[in-house]
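**Student:** Following the numbering used here, the numbering of the sequence shown begins with 97 at its first residue and continues without gaps.
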Amino acid sequence: MASAKVSTGLEHFSRLNQAVYFHQPPPTVPTANQEPDLILLLGWMGAKPRALAKYAAIYEKLYPSSRILIVTTDYLDVTIRTATANANRIRPVLEILYSLAEHANAKLLLHFFSNGGGFTSMLIAQSFREKTGRALPVSAMVLDSCPGKASYEGTQRAFAIGMPKNVFLRVLGLFLVGIFLRLLKVYCTVLGKMNMIERLRKVLNDKALFDTAAPRTYIYSEGDDMVDWRDVDEHAEEATKKGYTVELEKYHDSGHAAHMVKDGERYWTIIQRLWNTVL
Numbered sequence: 097m098a099s100a101k102v103s104t105g106l107e108h109f110s111r112l113n114q115a116v117y118f119h120q121p122p123p124t125v126p127t128a129n130q131e132p133d134l135i136l137l138l139g140w141m142g143a144k145p146r147a148l149a150k151y152a153a154i155y156e157k158l159y160p161s162s163r164i165l166i167v168t169t170d171y172l173d174v175t176i177r178t179a180t181a182n183a184n185r186i187r188p189v190l191e192i193l194y195s196l197a198e199h200a201n202a203k204l205l206l207h208f209f210s211n212g213g214g215f216t217s218m219l220i221a222q223s224f225r226e227k228t229g230r231a232l233p234v235s236a237m238v239l240d241s242c243p244g245k246a247s248y249e250g251t252q253r254a255f256a257i258g259m260p261k262n263v264f265l266r267v268l269g270l271f272l273v274g275i276f277l278r279l280l281k282v283y284c285t286v287l288g289k290m291n292m293i294e295r296l297r298k299v300l301n302d303k304a305l306f307d308t309a310a311p312r313t314y315i316y317s318e319g320d321d322m323v324d325w326r327d328v329d330e331h332a333e334e335a336t337k338k339g340y341t342v343e344l345e346k347y348h349d350s351g352h353a354a355h356m357v358k359d360g361e362r363y364w365t366i367i368q369r370l371w372n373t374v375l
């Protein structure tokens with residue numbers, strides 16, 4: 097007998113490719129001018145659709161007329177996936193964003209998690225700029241548990257999230273990740289190149305890619321064992337100096353990308369307060 101199919105929580109979303117899910121509210125839902133026209137939700141590295149569906153479900157209740165795009169990112173996307181493959185991964189997102197940008201008053205809420213989601217936001221913003229010559233049309237940004245700084249221990253723990261549960265495969269995967277990280281460090285050092293996380297920190301404060309008109313809220317924690325809260329503080333301070341409107345929401349003991357789990361009421365109050373500032 098075939099095993100029952102495990103629910104992702106996104107069955108009512110259209111799957112545009114292996115990584116992108118899209119929710120279009122039914123026509124019976126009235127359009128609300130105060131809601132985002134589009135919510136772009138970019139998961140942490142290794143986040144399963146089922147985990148991201150929990151966030152989408154709350155967004156559907158808060159903003160029922162908003163369209164929602166969810167993009168997953170796995171460790172292959174960040175490490176060995178080619179530029180062409182990553183371009184194909186985000187292509188459906190860009191097509192929707194190009195259409196959105198044709199409307200002058202369209203409102204976009206960008207919400208991403210960890211350096212993995214930040215990596216995908218970087219790809220999207222850079223591709224959008226290359227095509228249109230404009231910054232990503234973001235109205236407000238939520239940066240959950242990011243950006244950090246590159247460290248061997250923190251990066252390896254982040255990769256561990258997407259590893260198989262099988263002990264042998266997990267140990268083998270972490271061993272290979274360790275080798276990759278060491279080789280990458282040598283490569284960047286010898287050639288004088290920035291690693292992915294250094295590039296991400298720079299891009300997120302690049303006015304040509306992310307306009308200073310969009311307020312942003314950093315949600316992070318002293319209890320995060322992957323991203324040091326001081327690294328988030330430092331990035332937020334740099335953003336403020338560059339003209340971005342910044343709010344800092346620091347939890348004390350929630351884990352990495354687990355702030356909603358720790359205190360969901362506070363989490364969603366933060367996001368609603370951010371969105372209300374752009375209305």
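Glycine residues also receive a C-beta, built at the ideal position from the N, C-alpha and C atoms.
#1: Mind listing, in chain order, the continuous alpha helix (DSSP H) runs of no fewer than 4 residues lying wholly within the region 308-346?
#2: Over the uninterrupted alpha helix (DSSP H) stretch that includes G360, give me the two end residues.
#3: Please identify the residue among G319, D359, H331 whose C-alpha is closest to the C-alpha of H352.
#4: Which residues share a DSSP beta bridge with D240?
#5: For A179 and I186, I'd like the C-alpha separation in whole angstroms.
#6: Mark I293 as exposed unless 16 or more other C-beta atoms lie within 10 angstroms of its C-beta, in which case mark it buried.
#7: When the Cα of I135 is compared with those of Y171, D307, A202, which residue comes out closest?
#8: Taking the beta carbon of I176 as the centre, do at least 16 other beta carbons fall within 10 Å, making it buried, or is it exposed?
#9: Quick check: A115 and V174, are their CB atoms within less than 7 Å of each other?
#10: Would you check if the distance between the CB atom of E314 and the CB atom of L239 is smaller than 7 Å?
#11: Would you call the CB atoms of V323 and S241 closer than 7 Å?
#12: Quick one: grab the DSSP three-state call for Y151.
#13: Can you say whether R230 is buried or exposed, counting buried as having 16 or more other CB atoms within 10 angstroms of its CB?
#14: Please check the pair T377 and F215, which I expect to be a contact at CB under 8 Å, by giving their CB distance rounded to whole angstroms.
#15: With a threshold of 16 other CB atoms inside 10 Å of the CB of Y194, please say whether the residue is buried or exposed.
#16: Cβ of G213 within 7 Å of Cβ of R146?
#17: Start and end of the alpha helix (DSSP H) containing R163?
#18: With burial defined as no fewer than 16 other Cβ atoms inside 10 Å of the residue's Cβ, what is the status of F264: buried or exposed?
#19: Would a C-beta distance cut-off of 7 Å place N291 and P243 closer than the cut-off?
#20: Taking the C-alpha atoms as reference points, what is the distance between T365 and S103?
#21: Three-state secondary structure (DSSP) at K119?
#22: Quick check on P122: buried or exposed, where buried means 16 or more other Cβ atoms within 10 Å of its Cβ?
#23: How is the beta strand (DSSP E) around L136 delimited, first residue to last?
#24: Taking I192 as part of the alpha helix (DSSP H), name the residues at either end of that continuous run.
#25: Helix, strand or coil for L204, going by three-state DSSP, please let me know.
#26: Going by beta carbon distance, what residues of the same chain come within less than 7 Å of A149, once the five residues before and after it are set aside?
#27: My output table needs one value for R230: the three-state DSSP class, helix, strand or coil.
#28: Hey, how far is the Cα of V234 from the Cα of G139?
**Tutor:** With the structure as the only source:
#1: The qualifying runs are 325-337.
#2: 360-372
#3: G319
#4: F209, I315
#5: 11 Å
#6: buried
#7: A202
#8: By the 10 Å Cβ count, I176 comes out exposed.
#9: no
#10: Inspection of the sequence shows that residue 314 is occupied by Tyr rather than by Glu. Yes, the pair counts as a contact, with Cβ atoms nearer than the cut-off.
#11: yes
#12: Helix, per DSSP.
#13: exposed
#14: Because the chain here runs from 97 to 375, residue 377 falls outside it and cannot be looked at.
#15: Within 10 angstroms of the beta-carbon of Y194 lie fewer than 16 other beta-carbons, which makes it exposed.
#16: no
#17: First-last for R163: 163-169, but that is the beta strand (DSSP E), not the alpha helix (DSSP H).
#18: exposed
#19: no
#20: 28 Å
#21: It should be noted that the sequence gives His, not Lys, for residue 119. Reduced to three states, the DSSP call for H119 is strand.
#22: exposed
#23: 134-141
#24: 179-197
#25: strand
#26: The beta carbon of A149 is closer than 7 Å to those of T104, G105, L106 in its chain, skipping five residues each way along the sequence.
#27: coil
#28: 17 Å
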